[in-house]
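My numbering puts the first residue of the sequence shown at 12, with every later residue one more than the last.
Written below as structure tokens is the structure these notes are about.
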Amino acid sequence: MLLIKNIGVLQTPAGSFAHRGPQQGQNLKLCNAAVLVEDGKIRSITADGQLPEGAGRAETVLDAACRLATPGLIDCHTHMVFGGYRQGEIPLKLQGAGYLDILRAGGGILDTVGKTRAAAEDELFEKSMGFLDEMLALGITSVESKSGYGLDQENELKQLQVNRRLQEAHKMDVVSTFLGAHAIPPEYAGRADAYIDMLCASVLPIVAEEKLAGFCDVFCETGVFDVPQSRKMLQAAQKLGLRARIHADEIDEIGGAALAGELCAVSAEHLIATGDRGMSAMAEAGVIADLLPGTSFYLGKTYAPAREMIARGIPVAIASDFNPGSCPSLNLQLAMCMGYLKYRMTPEEVLTAVTVNAACSLGLEARVGTLEEGKQADIVLWNAPDMEMLVYRFGSNLAETVIKNGEVVKA
Ligand code: IZC
Ligand code: ZN
């Protein structure tokens, strides 16, 4: 058993459901708290200087020295398995080229597709293991990983196979998403419908059969996949038991958020350009908004209307969007700061966004996302006395001690 004592403030959302509206800002705050961990799970939590029953039998005692404790952070949107990098795009961007201009010219996602196809599975695996180490040290204990840089059967399956190996080899919980419909590959230029048909007929059945992904995603965007194509892909996935999520309204509002509502997708992601119709549909269907402020920052875009979403009762999650082209940062702490300053969410709302709501967006809410008895002991002790400090000191890594499945993985 592991006893963590002398926690200044233990702050956590409560319950295993997506928190919306006023619930988004409701965190439990226990002062002078202690947590007893057994077999990787939280056995009990106490406050006000009391120690849990059985604390005397703990083999390991960790003194939190009055630090803030929260659930491990959950990054519910990344494209972390990729070949190469795209730092060469920055001068083009600074000269005024837009994200979609670069893609249209055969760069952007397609540049990464070339490098990912050329990379061996082991090479992608080793590179991604390094990213997972970095994330764990930042206090992230669960992460989503999308395919989408293969864009053919062999290479999409290669990426998903890397996801499976990461989940087996690393302490991190890795949730795999099939994003074959991330861009139109050069072989299908001008034939997006034929590409979607090929994915649905040939690749998706293998993904489902071999359980290589629990979710299916589509990049629904101008010049990429339109609403009918996105609908076709996601409905085919739902029929085979995958859950739907969608890149919607990142650059242009073409109806992706409304489609998320129509299909009862688990989440819609980005939503920078989402307006009334999309938000109404999402609120009605209970779709989680996965917001990605690092992308707004890196692409020089406006920020998603998080306050309006919370006011309309849409549960909000915040993720990194880590990828080589539109957000090369995997630092979720930094995204949390942007949630505070740019989305104008409160520190409590931000914590809910990167814990329980992110867990719901990945279907992990029964196990992780809150500090409660019986949940997995994924706990971070922060070099901060409270959440206000954590969302304020952007750029530093304030994760002091990271506990994953009851094991201290960063001390
Ligand atoms: O590689 O540009 N938006 N997909 C949709 C991305 C960004 C990742 C990329
Ligand atoms: Zn993305």
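By construction, the Cβ of each residue, glycine as well, lies at the ideal position given by its N, Cα and C atoms.
Answer yes or no: does any C-beta atom of chain C fall closer than 8 angstroms to that of residue i?
i, result
"His181", "Of the chains in the structure shown, none is chain C; there is only one protein chain."
Is it right to say residue i is buried, meaning 16 or more other beta carbons lie within 10 angstroms of its own, or is it exposed?
i, result
"Cys338", "buried"
"Ala317", "buried"
"Ala377", "exposed"
"Leu47", "buried"
"Gly119", "buried"
"Leu168", "buried"
"Gly336", "buried"
"Asp86", "buried"
"Ala76", "exposed"
"Ile265", "buried"
"Tyr110", "buried"
"Gly225", "buried"
"Tyr96", "exposed"
"Thr306", "buried"
"Cys348", "buried"
"Gly311", "exposed"
"Ile101", "exposed"
"Gly67", "exposed"
"Ala313", "A quick correction: the sequence has Thr, not Ala, at residue 313. By the neighbour-count rule (16 or more Cβ atoms within 10 Å), Thr313 is not buried but exposed."
"Gly350", "buried"
"Leu171", "buried"
"Thr57", "buried"
"Leu84", "buried"
"Ser139", "buried"
"Arg54", "buried"
"Thr123", "buried"
"Gly161", "buried"
"Ala294", "buried"
"Arg78", "buried"
"Glu261", "buried"
"Arg355", "exposed"
Residue i bridges to which residues according to DSSP?
i, result
"Leu79", "Val20 and Trp393"
"Glu280", "His258 and Asp301"
"Phe230", "His258"
"Thr412", "Leu392"
"Phe189", "Cys227"
"Gly169", "A quick correction: the sequence has Lys, not Gly, at residue 169. Answer is none; Lys169 lacks a bridge partner."
"Lys243", "According to DSSP, Lys243 bridges with nothing at all."
"Asp86", "Val154"
"Leu13", "Val48 and Thr71"
"Glu376", "Partner(s): none; Glu376 has no beta bridge."
"Lys421", "Val413"
"Asp184", "Ser153"
"Gln249", "BP columns for Gln249 are empty, so no partner."
"Phe236", "Cys231"
"Gln387", "Lys52"
Determine the contact status of residue i and residue j, defining contact as a CB-CB distance below 8 angstroms.
i, j, result
"Ser158", "Leu177", "no"
"Pro82", "Gly380", "yes"
"Ala369", "Ala315", "no"
"Gly289", "Ala268", "yes"
"Val80", "Ala25", "Looking at the sequence shown, residue 80 is not Val but Ala. No, the Cβ-Cβ distance between Ala80 and Ala25 is not below 8 angstroms."
"Gly51", "Ala388", "yes"
"Trp393", "Glu411", "yes"
"His30", "Pro326", "yes"
"Lys353", "Pro304", "yes"
"Val218", "Phe189", "yes"
"Leu210", "Gly234", "no"
"Met183", "Met244", "no"
"Tyr206", "Pro196", "yes"
"Ser278", "Arg256", "yes"
"Met5", "Glu64", "The question about residue 5 has no answer here: the residues shown for the chain are numbered 12 through 422."
"Lys40", "Gln61", "no"
"Ala364", "Ala322", "no"
"Gly94", "Lys126", "yes"
"Phe405", "His90", "no"
"Met259", "Leu282", "With the sequence shown as reference, residue 259 is identified as Ala, and Met is not the correct amino acid for it. Yes, these two residues count as a Cβ contact at 8 angstroms."
"Leu121", "Ala194", "yes"
"Asn38", "Leu362", "yes"
"Val186", "Leu135", "no"
"Cys231", "Leu270", "yes"
"Ala284", "Gln240", "no"
"Arg175", "Leu223", "yes"
"Lys415", "Thr152", "yes"
"Glu360", "Gln35", "yes"
"Asp301", "Ser407", "no"
Whole runs of the alpha helix (DSSP H) within the segment 105-160, excluding any shorter than 4 residues: Note on the segment 105-160: whole alpha helix (DSSP H) runs with a minimum of 4 residues are 110-115, 120-129 and 132-148, in chain order.
Which runs of the beta strand (DSSP E), 3 residues or longer, sit entirely within the segment 18-63? 39-49 and 52-57, all fully within the segment 18-63.
For a minimum of 4 consecutive residues, which ranges assigned as the alpha helix (DSSP H) are wholly contained in the segment 303-352? Runs of the alpha helix (DSSP H) spanning 4 or more residues and lying entirely within the segment 303-352 occur at 304-310, 317-322 and 343-352, in chain order.
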